[in-house]
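Colleague: Residue numbers (this note's numbering), protein chains in the order written: chain A, 656 to 760; chain B, 822 to 1338. Here a beta-carbon is modelled for each residue, glycine too, at the ideal position from N, C-alpha and C.
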Amino acid sequence: MEQLSVFIQQHIEMIYVVILSIFLGIEVISRVPSVLHTPLMSGANAIHGVVIIGAIIVMGKAEAGNYLALVLGFLAVILGTVNVVGGFVVTDRMLEMFKNKKDKK
Amino acid sequence: MSSILSIIYLIGSVTFILGLKMLSKPDTARKGNLVAAAGMGLAIIGTIFLYESEGAKLHNYGWIFGGLLIGSVIGVMAAKKVKMTAMPEMVSMFNGMGGACAALISIIEFGHLAGNSGSEGAAAMIKMHQVGDMIDQLGTGSKAFMEQRDLLQAMFTMDYRGTLLIILLGLIIGSVSFAGSVIAWGKLNGRVKDFAFPAQHIVNMIVLGVIVLLAAALLIHVNDVYPLWAHGGGTATGFNLLFYGLLIVSLIYGILFVLPIGGADMPVVISLLNSFTGVAAAFGGFLYDNPVMLTGGILVGSAGTILTILMCKAMNRSLKNVLIGSFGGNKTGAVAGKEQGAYKEISLSDAAVVLAYANKVMIVPGYGLAVAQAQHVCHELEKLLEEKGVDVKYAIHPVAGRMPGHMNVLLAEADVSYDKLLEMEEANAELPTTDAVLVLGANDVVNPAAKTDATSPIYGMPILEVENAKVVIVNKRSMKPGYAGIENDLFFQPKTSMLFGDAKKVLQQLVAEIKQV
């Protein structure tokens, strides 16, 4: 158990960030009209594509001879990019339609 | 980490928060999406050029840019080409890719960890072990040295366990999210059928238990690994096997988890998997001490979870119920056995007359409208009726279609005016003064059993009370029950008439008929 408390102490900043982010996420989404649920889910989907940064780091650190890491890392970069780019573009497409509505009104 | 990169990550995190915030208001939503995208772009570029680990910059730029290019092309094409009706599938697919990305990162990092290719701590530990062995052989053991070695080992083990735990969690959650999203995608486009077998809950629980056991075994056995490195290497085969076993079992769990869940629950499942992937991304943030991954992932994780719970509430189901599985599975038998009454059909021309001479018409769109791609012709019908002086509104149930807001997006695509869309409460308030309701491919969301029949699986779900209107016309392809797998008493009520057929064809014919009225 002492190990655990040391671990918590060492990572206290991150733990703060996590806890505050959890509340922030809840706070932000609790006031969303149901009209925007689908675009919001899609937008959130694009944001978790931030995992691409991990993929870039893994790829960029892979040693030249480590083919497993190179191939899997490459795949990870592609998948992550599809998540990010596709997610944002699709969300924009959805919201574009809402925008038109407003203008005509 | 360079100071500029730190600032870039800070900006990135702020744009995600701002983006989500702006996405939650109709006026600013589109800008919010662009803000988040810009922050993401900045964070990606910053990482590529400024990231440093132990003094070394990243290499393999060719691979990185190649991957980014291929991914962008696929992403843009998929996102531009997809029909608005297929949106939920697309979101599910993108989500699965994010999950797969997180799982792949874990696999590679596990390779680094188990293969001892690197950390300073590991190297120091090995030196200590080797020196310790030499002293042992000489037989002049220095107690102080040995104590020092054990202390170092304890510290190292803790670090190593922590890293391994993060990697394993990223692997499990990423794999479950990937496999689950692929199944959800297949279910939504009809490639994968609902599939349930007896004792499924128990099987799922067992598989989940196996995941926990495998992960625990890996964490316990870290002690066995590094003496192996210290004594001239040898790969920890058993350790690796456990890890890949965990990967496979996690994928299986993802499949089993989504497979029995009916289409009615798909929005909940996609939202849940979405938040899973967010959490998986956050574990990546832990692994690399990367604040932007951490905040982005956690934000999506918590926001997604809340969205999931909101959806569950709208359907009056508990999250546990959805998680453990199968909607209609057990209950269909009992309910379907109930005696069906007689329903009556209405001809197209009669329906046209009813609608054209009504003062107020409420259209209730459902999944049938989406499948038939009938949103444009539906808008045409609305305009035609308005020209004839009919007041036309749309009643949007929060879970109509396959995702919350699905119908809004669909109708927005067809240029239906925003203020014509009524949310459930508003619609229910107006229904008693409505002359005719046109239900287009919706079923469970207008099923009065949700209010009257306590044994019904959807009992307690708020519904659109269309039976309060004077006349109800229901367009469906057949009398088949909806996704919840239950009969709908509404169809057998005297004021209800059925208009069978594909929503698009029926609406086209209806438009033609109304023009002649």
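What alpha helix (DSSP H) runs, 4 residues minimum, are completely inside the stretch 686-755 of chain A?
Modeller: 692-702, 706-716 and 722-736
Colleague: In the DSSP assignment, find the beta strand (DSSP E) that holds residue 1244/B and state where it starts and stops.
Modeller: 1242-1244
Colleague: How is the beta strand (DSSP E) around residue 1212/B delimited, first residue to last?
Modeller: 1212-1217
Colleague: Give the straight-line distance between the Cα atoms of residue 1131/B and residue 828/B, rounded to the nearest whole angstrom.
Modeller: Cα to Cα, the separation comes out at about 35 Å.
Colleague: Could you have a look at residue 874/B and say whether DSSP puts it in helix, strand or coil?
Modeller: Note: residue 874/B maps to strand in three-state DSSP.
Colleague: Please confirm whether residue 695/A and residue 845/B have their CB atoms less than 8 Å apart.
Modeller: yes
Colleague: Between 1272/B, 1296/B and 1134/B, which lies nearest to residue 1186/B when the distance is taken from Cα to Cα?
Modeller: That would be 1296/B, whose Cα lies nearest to the Cα of residue 1186/B.
Colleague: Please decide whether residue 1320/B counts as near chain A, where near means a Cβ-Cβ distance under 8 Å.
Modeller: no
Colleague: If you check the beta carbons only, do residue 915/B and residue 741/A fall under 8 Å apart?
Modeller: yes
Colleague: DSSP has residue 1198/B in a bridge; who is on the other side?
Modeller: Answer is none; residue 1198/B lacks a bridge partner.
Colleague: Could you list which residues in chain A have their beta carbon closer than 8 Å to that of residue 864/B, in chain order?
Modeller: Correct list: 705 and 708.
Colleague: Can you give me the start and stop residues for the beta strand (DSSP E) that residue 1186/B sits inside?
Modeller: 1181-1186
Colleague: Tell me the DSSP secondary structure of residue 879/B in three-state form.
Modeller: coil
Colleague: For chain B, find out if any of its Cβ atoms is closer than 8 Å to the Cβ of residue 751/A; answer yes or no.
Modeller: yes
Colleague: Go ahead and pull the three-state DSSP assignment for residue 904/B.
Modeller: coil
Colleague: Could you give the distance in angstroms between the alpha-carbon of residue 1058/B and the alpha-carbon of residue 1096/B?
Modeller: 34 Å
Colleague: What is the rounded straight-line gap between the Cα of residue 1229/B and the Cα of residue 1242/B?
Modeller: Looking at the two C-alpha atoms, the distance is approximately 8 Å.
Colleague: Can you list, in chain order, the residues of its chain whose CB lies under 8 Å from that of residue 697/A, leaving out five sequence neighbours each side?
Modeller: 742, 745, 746 and 749
Colleague: Does the Cβ-Cβ distance between residue 985/B and residue 1039/B come in under 8 Å?
Modeller: yes
Colleague: Which bits of chain B does residue 720/A rub up against, with CB to CB less than 7 Å?
Modeller: Close partners of residue 720/A in chain B (Cβ separation under 7 Å) are lacking, with about 11 Å as the shortest Cβ gap.
Colleague: Grab the span of the beta strand (DSSP E) containing residue 1173/B for me, first residue to last.
Modeller: From DSSP, residue 1173/B is part of no beta strand (DSSP E) but of the alpha helix (DSSP H) over 1169-1177.
Colleague: So, residue 1266/B versus residue 1221/B, is the Cβ gap smaller than 8 Å?
Modeller: yes
Colleague: On the CB-based measure, 16 or more other CB atoms within 10 Å of its CB, does residue 1215/B come out buried or exposed?
Modeller: buried
Colleague: Below 8 Å between beta carbons: does that hold for residue 1202/B and residue 1120/B?
Modeller: no
Colleague: Can you find the residues in the same chain that come closer than 7 Å, C-beta to C-beta, to residue 1392/B, ignoring five residues on each side of it along the sequence?
Modeller: Because chain B is modelled from 822 through 1338, residue 1392/B falls outside the range shown and cannot be assessed.
Colleague: When we look at the beta-carbon of residue 1234/B and count the other beta-carbons within 10 Å, is it buried (16 or more) or exposed?
Modeller: Residue 1234/B should be labelled buried.
Colleague: For the stretch 1253-1262 of chain B against the stretch 1179-1197 of chain B, do three or more pairs of beta-carbon atoms, one drawn from each stretch, fall closer than 8 Å, so that the two count as touching?
Modeller: yes
Colleague: Let me know if residue 664/A comes out buried or exposed under the rule of 16 or more other beta-carbons within 10 Å of its beta-carbon.
Modeller: exposed
Colleague: Would you report the Cα separation of residue 1016/B and residue 934/B, rounded to the nearest angstrom?
Modeller: 39 Å
Colleague: Relative to the alpha-carbon of residue 668/A, which residue among 1218/B, 952/B and 1116/B has its alpha-carbon at the smallest distance?
Modeller: 1116/B
Colleague: Leaving out five residues on either side along the sequence, give the residues of the same chain with a beta carbon under 6 Å from the beta carbon of residue 921/B.
Modeller: Cβ neighbours of residue 921/B within its own chain (closer than 6 Å, five residues either side excluded): 999.
Colleague: Give me the Cβ distance between residue 1189/B and residue 1005/B, rounded to the nearest whole Å; I'm assuming they're in contact under 8 Å.
Modeller: Contact flag wrong, Cβ pair sits at about 20 Å.
Colleague: Please determine if the stretch 1022-1038 of chain B and the stretch 1059-1073 of chain B are in contact, where contact requires at least 3 C-beta pairs separated by less than 8 Å.
Modeller: yes
Colleague: Beta-carbon within less than 6 Å of residue 968/B's beta-carbon, same chain only, minus the 5 sequence neighbours each way: which residues are those?
Modeller: none
Colleague: Please confirm whether any heavy atom of the ligand MN lies closer than 7 Å to the CB of residue 676/A.
Modeller: Ligands displayed in this structure: none; no statement on the ligand MN is therefore possible.
Colleague: As a quick exercise: from 854/B, 1319/B and 847/B, pick the residue whose alpha carbon is nearest that of residue 1169/B.
Modeller: 1319/B
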